[in-house]
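Protein chains in written order, with the working numbering: chain H, 7 to 319; chain P, 3 to 441.
Yeah, the Cβ is synthetic: ideal placement off N, Cα and C, and Gly gets one too.
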Amino acid sequence: MSGFQRAVPRAAGRPATRRGGSGVHTDGWWPVLFVAPLLIGVAAFYLWPIVQTFWFSFTTFGVFGGQTFSGVANYVALVQDPEFYTSLGNTLIYTAIVLLGVPLAVWLAALLNTPGLRFASFYRVLFFLPYIAMPTAVALVWRLIFNGDYGVLNWFLSLVGLPGPYWVSTPGFAILAVSIVGLWSSLGFSMIVLAAGLKAIPPELYEAAELDGASPARRFRSVTVPLLTPTIFFVTVVTVISSFQLFDLLYAIMGPRNPAMPSSMSLVFYFFQAGFVDNQQGFAAAIAMAIFALIGLVTLVQFRLQRRWVADV
Amino acid sequence: MPRTTSHPVTRRALVGLAGAATAGLLLAGCSSPGGSGGAPSGDYTAAPKDLKASITYALWDQTQVKAIQANLAGFKKEYPNISVNVDVTPYDTYFTKLQTEASSNTMPDLFWLNGPNFQLYADNGKVEPITGEIKAGAIDPKNYPSALVDLYTANGVHYGVPKDFDTIGLWYNKALFAKAGVAVPTSDWTWDDLTTAATTISSKLKGQGIYGVAAGMDGQTTYYDTIFQAGGNVISADGKKSEYASDATKKGIVFWRDLIASKGSPSVKQLTDTPADQWFVSGKAAMLIGGDWGRSEIAAAPIAKDVQVAPLPKGEQKATVIHGVSNVVAAGSRNKQAAQALQVYLASKAAQQQQGDMGAVIPAFNGTQDSFAKSMPGVDLQVFLDELAYAKPLPVSKNTAAWNALEAKYLPGVFAGTSPVDSTLEQLQTEMTAALAKG
């Protein structure tokens, strides 16, 4: 684990300490050569498909390929389609709920960072497990937990006298159920990254705070959280992006033929439905570009806002 | 690196990292199909016995793999140097995968195709005709039920023969009927008999959470059957119009709405959380309206000793949906000769007899069905064969998926009682007719 923790700040630390370019002799083509394998991969498998998708979004597509230019027709159809707004709303709900996991992860990571805590690695593994488990496997187990008639969750609710709903087949509850699983499974990743950030906070600061008589709660609020804000920002950005790409959990927990799906689908599911079920790949490409633009926009806003709350350590 | 003098995590560093992550994650998952398929020729020459090849055979039903492996062992004896890789993909994602493979010309050499998808693949030149095999006498379409041979014929050209056929029946649990004191189903049952028995069982065994009847709430096993029984149609005879709002078709839909409202069946939500077959095999539903393909799962369940089967009850008339899967060769296959050799072998009487003997499916080859009927001692599987007399083909068109999606969008609300019957079916009919016109 320690290798991973150090890799984050170090690799990223480079640009911050880069010297000005003037008057420095370059190493010729060597750097380009070393970067080439990665660059070619990124260009071929990320950049080129995006360019293609952008082009496809202005075309009408044959079921098995072959496209004809159709201008902005796909985009006009997209903004007029009520399903686009339903799926956007569901994606925002999911993202908001999963983001609630970030403060929870900060708190848990700080607890796990308590000096002298026994079995700390064991706890870390425990929290990280959901993140590395296959989403489909995770979803199958949760599907059983959420089962309206025989699920463990509703059995617990019945013990306290609450009638449980049919979680995965009731519109409204379904996206909530998927969000709970999303929160649970992203917690591990956030905690590991935050733990790395915590390790980078100098222990002297805590010692000084303790000498000044700061309580543990006060030390958490005034030392841990402010010094952790860059890491929290990173975790938040990554969480938002991955939440906007919600698909596999939703698909596996609810199932594609679930009657509640039309009212619970996410943007990426909407994309999948258009491209692979309705055979409208051109329209699907327009949805993909819309998702791309939305994530870009949301992330831009986050970068603008971070100046107000992220500490310049 | 001493911690006190250097803070490795700087704000700018992490902001930069977040930026890099943004770019990386943003871009993931946007890819697109392209390419074109090979041209189908319909050529066929019998493969030499020592032909060396490695081919892929794609299908979606895990429960049939055992019988297919037995078939392949027989194939191996004829062609020792052809190795076959069986690729099982669950039905829900099978056609998504196949379409992607077809777009990039990487289809499996031999694969299962069903009625709803056949016309799409045939019209786009993705599957190889079997005209060569028929001319050479390797396959004779007369050996298979004609309704299903027609299903895999487009513009007079044969593309495949059925490997099996499916009809729908009424599976029931004798023990639960006895417990509720209700007489078991007979071949003379009507819709009313079914509804009365189902509601009685549900109310008598309510304390144990047992329901009268469960059905998959899809077309083939549920509402297409009742639509045909009511004398209605899904698509007009000329294939151009939807008939969902016609009186007879409406009756076939309302039957399920009433059954669920009477609590004779679990609700739509309950059937989504726990599929109908699971209600039945776990002893929580006394009847299951389902296909013959349920045999493997039911025979392996603890309730197997109490199971019996009856024909579907009669509405205005007796009816069941019939459908069958076909093995087809990919037009772009690089091992066409080997794939055709396997296609011919699997269409043979011996291979289909073996499928029936192992009880995997009802084989399509005429005269091989009896072994299926006897594959579950004490259970009258002959019912599924006798239903051939009044079986109606599964409704399909060139763009079946498009209007199947409309059915999935509008019908659950009607069944659940949350959408009004008349206006919803009108809407479905209008949109479906428009989809058929586009096909």
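Opening and closing residue of the beta strand (DSSP E) in which residue i lies
{"i": "residue 266 of chain H", "result": "Run containing residue 266 of chain H: none; DSSP gives neither H nor E here."}
{"i": "residue 171 of chain P", "result": "170-175"}
{"i": "residue 113 of chain P", "result": "112-115"}
{"i": "residue 479 of chain P", "result": "In the structure as shown, chain P begins at 3 and stops at 441. Residue 479 of chain P is therefore absent and cannot be evaluated."}
{"i": "residue 85 of chain P", "result": "84-90"}
{"i": "residue 394 of chain P", "result": "393-395"}
{"i": "residue 56 of chain P", "result": "55-61"}
Start and end residues, alpha helix (DSSP H) containing residue i
{"i": "residue 5 of chain H", "result": "With chain H represented from 7 up to 319, any question about residue 5 of chain H goes unanswered, as that position is not in the structure."}
{"i": "residue 212 of chain H", "result": "209-217"}
{"i": "residue 297 of chain H", "result": "287-315"}
{"i": "residue 205 of chain P", "result": "193-206"}
{"i": "residue 102 of chain H", "result": "88-105"}
{"i": "residue 79 of chain P", "result": "67-80"}
{"i": "residue 231 of chain P", "result": "226-231"}
{"i": "residue 164 of chain H", "result": "158-165"}
{"i": "residue 278 of chain H", "result": "273-278"}
{"i": "residue 168 of chain H", "result": "First-last for residue 168 of chain H: undefined, no H or E at that position."}
{"i": "residue 188 of chain P", "result": "Looking at the DSSP string, residue 188 of chain P is not in any alpha helix (DSSP H), and its letter there is neither H nor E."}
{"i": "residue 196 of chain H", "result": "179-205"}
{"i": "residue 249 of chain P", "result": "249-263"}
{"i": "residue 47 of chain H", "result": "36-48"}
{"i": "residue 277 of chain P", "result": "Per DSSP, residue 277 of chain P belongs to no alpha helix (DSSP H) and is neither H nor E."}
{"i": "residue 260 of chain H", "result": "254-260"}
{"i": "residue 51 of chain P", "result": "Looking at the DSSP string, residue 51 of chain P is not in any alpha helix (DSSP H), and its letter there is neither H nor E."}
DSSP bridge partner residues for residue i (one or two, in chain order)
{"i": "residue 66 of chain H", "result": "H:74"}
{"i": "residue 155 of chain P", "result": "P:160"}
{"i": "residue 466 of chain P", "result": "In this structure chain P extends from 3 to 441, so residue 466 of chain P is not present and cannot be described."}
{"i": "residue 167 of chain P", "result": "P:364"}
{"i": "residue 244 of chain P", "result": "P:237"}
{"i": "residue 129 of chain P", "result": "P:332"}
{"i": "residue 287 of chain P", "result": "P:213"}
heavy atom of the ligand MG below 6 Å from residue i C-beta
{"i": "residue 61 of chain P", "result": "Among the components of this structure there are no ligands whatsoever, and the ligand MG is therefore not found."}
Three-pair Cβ contact test at 8 Å for the region 73-83 of chain P versus the region 40-54 of chain P: yes
The region 407-415 of chain P touching the region 253-270 of chain H, judged by at least three CB pairs closer than 8 Å: yes
Chain-ordered residues of the region 90-119 of chain P with a beta carbon less than 7 Å from chain H: 94, 98, 101, 104, 105
Proximal residues, the region 165-191 of chain H versus chain P, C-beta separation under 7 Å: 172, 174, 175, 176
Contact the region 238-247 of chain P vs the region 282-300 of chain P: 3+ CB pairs below 8 Å: no
Whole alpha helix (DSSP H) elements within the region 289-370 of chain P, 4-residue minimum: 297-301, 338-349, 351-359
At least three beta-carbon pairs within less than 8 Å, the region 173-180 of chain H to the region 153-163 of chain H: When Cβ pairs closer than 8 Å are counted between the two stretches, the region 173-180 of chain H is seen to touch the region 153-163 of chain H, the count reaching three or more.
Positions along the region 258-279 of chain P whose CB lies within less than 7 Å of some CB in chain H: 270, 271, 272, 274, 275, 276
Contained beta strand (DSSP E) runs [length at least 3] in the region 370-436 of chain P, N- to C-terminal order: 393-395
Any 3 or more C-beta pairs closer than 8 Å across the region 124-132 of chain P and the region 149-167 of chain P: yes
Contact set between the region 388-404 of chain P and chain H, restricted to residues whose Cβ is under 8 Å from the partner: In summary, the residues of the region 388-404 of chain P whose CB is separated from some CB of chain H by less than 8 Å are 401, 403, 404, in the order they occur in the chain.
At least 3 beta-carbon pairs within less than 8 Å: the region 265-285 of chain P vs the region 207-220 of chain P: yes
Proximal residues, the region 134-154 of chain H versus chain P, C-beta separation under 7 Å: 153, 154
contact_flag[the region 419-430 of chain P, the region 243-261 of chain P] where n(CB pairs < 8 Å) is 3 or more: As far as the Cβ criterion goes, the region 419-430 of chain P touches the region 243-261 of chain P, which means the pair count is three or higher.
Every unbroken alpha helix (DSSP H) within the region 103-156 of chain H, with a cutoff of 4 residues, ordered by chain: 107-118, 126-138, 141-152
Contacting positions in the region 216-228 of chain H - beta carbon closer than 9 Å to chain P: none
Residues, ordered as in the chain, of the region 127-145 of chain P that lie near chain H by beta-carbon distance below 7 Å: Residues of the region 127-145 of chain P that bring their beta carbon within less than 7 Å of a beta carbon in chain H comprise 128, in sequence order.
Near-chain P residues of the region 240-263 of chain H (beta-carbon distance less than 7 Å), N- to C-terminal order: For the region 240-263 of chain H, which is checked against every Cβ of chain P, the residues closer than 7 Å are 240, 243, 244, 247, 248, 251, 262, 263.
Cβ pair count under 8 Å reaching 3, the region 294-314 of chain P against the region 171-184 of chain P: yes
Residues within the region 59-71 of chain H neighbouring chain P, beta-carbon criterion of under 7 Å: Those residues of the region 59-71 of chain H that come within reach of chain P (Cβ to Cβ, closer than 7 Å) are 59, 62, 69, 70, 71.
Proximal residues, the region 411-435 of chain P versus chain H, C-beta separation under 8 Å: 411, 414, 415, 418
At least three beta-carbon pairs within less than 8 Å, the region 320-331 of chain P to the region 109-119 of chain P: Under the 8 Å Cβ criterion, the region 320-331 of chain P counts as touching the region 109-119 of chain P, having at least three qualifying pairs.
Stretch-stretch touch, CB-based, cutoff 8 Å, three pairs: the region 44-55 of chain H with the region 228-236 of chain H: no
Chain H contacts made by the region 201-223 of chain P, where a contact means CB separation under 9 Å: 211, 219, 220
Contact residues within the region 160-174 of chain P, judged by C-beta distance below 9 Å to chain H: none
Contact set between the region 32-49 of chain H and chain P, restricted to residues whose Cβ is under 8 Å from the partner: none
Stretch-stretch touch, CB-based, cutoff 8 Å, three pairs: the region 257-273 of chain P with the region 211-228 of chain P: yes
Residues of the region 282-296 of chain H whose Cβ lies closer than 8 Å to any Cβ of chain P, in chain order: 282, 283, 284, 285, 287, 291, 294
contact_flag[the region 176-195 of chain H, the region 105-115 of chain H] where n(CB pairs < 8 Å) is 3 or more: yes
Validate contact between the region 358-372 of chain P and the region 93-110 of chain P using beta carbons, cut 8 Å, 3 pairs: no
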